[in-house]
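Numbering (this note's numbering), first residue to last: 26 to 353.
Worksheet: the structure to be examined is printed underneath.
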Ligand code: SAM
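What follows is the structure, encoded as structure tokens:
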């Protein structure tokens with residue numbers, strides 16, 4: 026009898042083989058994890074420079090587990106656990122993965138707003154790919170083409186290897202998303218916004234949402250860049266800091282959104298999901314204006330209760346259903 030759950034078994038293989046590769050390649054755990062993920066996908070040990078003894082040890086472990094035997098969501102969850110382990114060893118506050126509960130809720134929202142069977146989704150701050158993969162795996166009854174952009178090459182490597190293991194069709198670009206993007210406009214955008222100042226004032230000057238003085242907010246510029254790369258009528262789902270509409274630069278953002286978007290909803294996530302009040306977030310849903318679109322009768326506003334309170338969560342879902350019937 027197998028004492029491990031499928032996710033535990035996958036995690037054990039990712040973790041143990043990453044440890045071997047980390048030693049064999051003298052690299053970090055996260056680098057080794059991306060390597061092992063790619064090995065598992067390609068069903069071979071790709072690190073030719075590595076000593077034979079390490080190659081034999083990892084291969085033995087790969088032989089005990091075939092990715093094809095596992096559902097995509099199990100692969101994502103186990104990979105996510107291994108990435109979290111690696112991130113603990115090397116903490117970078119702005120590189121945090123989007124937590125599962127948020128990704129699952131955004132997937133639910135996207136499923137409701139996006140009616141088409143086939144559509145494209147852009148994540149301009151794709152990080153490890155966890156949020157984008159959650160959406161693509163959860164909406165597996167649709168045909169989704171993913172596009173991700175990320176400035177950090179290690180995170181992008183993790184996203185690439187993860188997408189391969191989950192057999193998801195994703196185009197990935199390693200660049201600053203606020204520089205010109207050579208991608209087709211997407212039907213939808215999903216983004217856990219990086220929050221802070223954007224240091225490149227020259228580049229920021231090209232945006233309507235640039236600050237009049239000093240550095241601009243990267244999160245504002247990300248919203249504008251996302252809007253530019255969304256098709257007219259497309260939807261955008263952002264994870265935003267709760268204070269987005271209270272900052273000194275918020276009036277400019279309001280004006281921009283009135284001109285280019287229809288705000289669909291703002292859903293504040295439960296504070297219990299975050300370390301402290303300052304890091305708490307909400308989901309902002311926008312539609313890019315088009316000739317045949319109009320603003321909803323009412324913006325959907327809600328405070329999400331703790332996910333543990335299933336009755337309260339059901340009430341919010343019911344409120345959202347009612348809003349869809351009345352406003353969309
Ligand atoms: N959703 C991602 C995930 O599940 O892993 C996490 C996104 S994280 C909150 C924000 C990401 O934005 C980080 O990975 C960071 O490296 C990236 N980022 C920050 N500034 C960027 C820029 N100018 N261009 C592209 N990516 C950027």
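All residues carry an ideal CB built from backbone N, CA and C; glycine is no exception.
All values derive from a computational prediction rather than experimental measurement.
* For residue 129 and residue 297, the rounded distance between their alpha carbons -> 17 Å
* Asked: Do residue 111 and residue 58 come within 8 Å of each other at the CB atom, strictly closer than that value?
  -> yes
* Asked: Among 258, 250 and 157, which has the Cα closest to the Cα of residue 318?
  -> 258
* Leaving out the 5 sequence neighbours to the left and right, which residues in its chain are closer than 7 Å to residue 162 when beta-carbon positions are compared? -> 97, 98, 101 and 191
* **Alpha-carbon spacing of residue 310 relative to residue 261, whole angstroms** => 6 Å
* Asked: Just curious, the beta strand (DSSP E) that residue 199 is in, first and last residue?
  -> 195-199
* Asked: What residue range is occupied by the uninterrupted alpha helix (DSSP H) comprising residue 208?
  -> Run containing residue 208: none; DSSP gives neither H nor E here.
* **Near the ligand NAD: residue 155 beta-carbon under 7 Å from a heavy atom** => As for the ligand NAD, it is missing from this structure, which binds only the ligand SAM.
* Which parts of the region 306-348 are runs of the alpha helix (DSSP H), unbroken and 4 residues or longer, counting only runs that do not cross its ends? -> none
* What does residue 94 pair with, by DSSP beta-bridge criteria? -> For residue 94, which the question treats as bridged, DSSP gives no partner whatsoever.
* Asked: What residue does the beta strand (DSSP E) around residue 174 start on, and which one ends it?
  -> 168-175
* Classify residue 284 as helix, strand or coil using the three-state DSSP reduction. => helix
* Residues bridged to residue 143 (per DSSP) -> 168
* **Burial state of residue 116 (16 or more Cβ within 10 Å)** => exposed
* Asked: Is residue 134 near the ligand SAM, with its Cβ less than 7 Å from a heavy atom?
  -> no
* Return the residue from the list 216, 85, 215 and 198 that minimises the CA-CA distance to residue 208. => 198
* To do: Please work out which residues of its chain come closer than 6 Å, Cβ to Cβ, to residue 220, disregarding the five sequence neighbours upstream and downstream, and give them in chain order.
  => 244 and 266
* Taking Cβ positions, are residue 194 and residue 170 nearer each other than 8 Å? -> yes
* Indicate whether the contact test is met: 3 or more Cβ pairs, each with one atom in the region 74-89 and one in the region 166-186, closer than 8 Å. => no
* Asked: When we look at the beta-carbon of residue 343 and count the other beta-carbons within 10 Å, is it buried (16 or more) or exposed?
  -> exposed
* **For residue 105 and residue 122, believed in contact at Cβ under 8 Å, the rounded distance** => 7 Å
* Coarse secondary structure for residue 266, derived from DSSP in three states -> strand
* To do: Leaving aside the five residues before and after residue 331 along the sequence, list all residues of the same chain whose C-beta is less than 6 Å from its C-beta, in chain order.
  => 295 and 297
* **Beta-carbon proximity list for residue 275, same chain, < 8 Å, skipping 5 on both sides** => 269
* Buried versus exposed, by CB contacts within 10 Å (16 or more), residue 315 -> exposed
* Beta carbon of residue 56: closer than 7 Å to some heavy atom of the ligand SAM? -> no
* If we count Cβ pairs, one from each stretch, closer than 8 Å, do we get three or more for the region 130-144 versus the region 70-79? -> no
* Leaving aside the five residues before and after residue 328 along the sequence, list all residues of the same chain whose C-beta is less than 6 Å from its C-beta, in chain order. => 293
* To do: Return helix, strand or coil for residue 70, following the three-state DSSP convention.
  => coil
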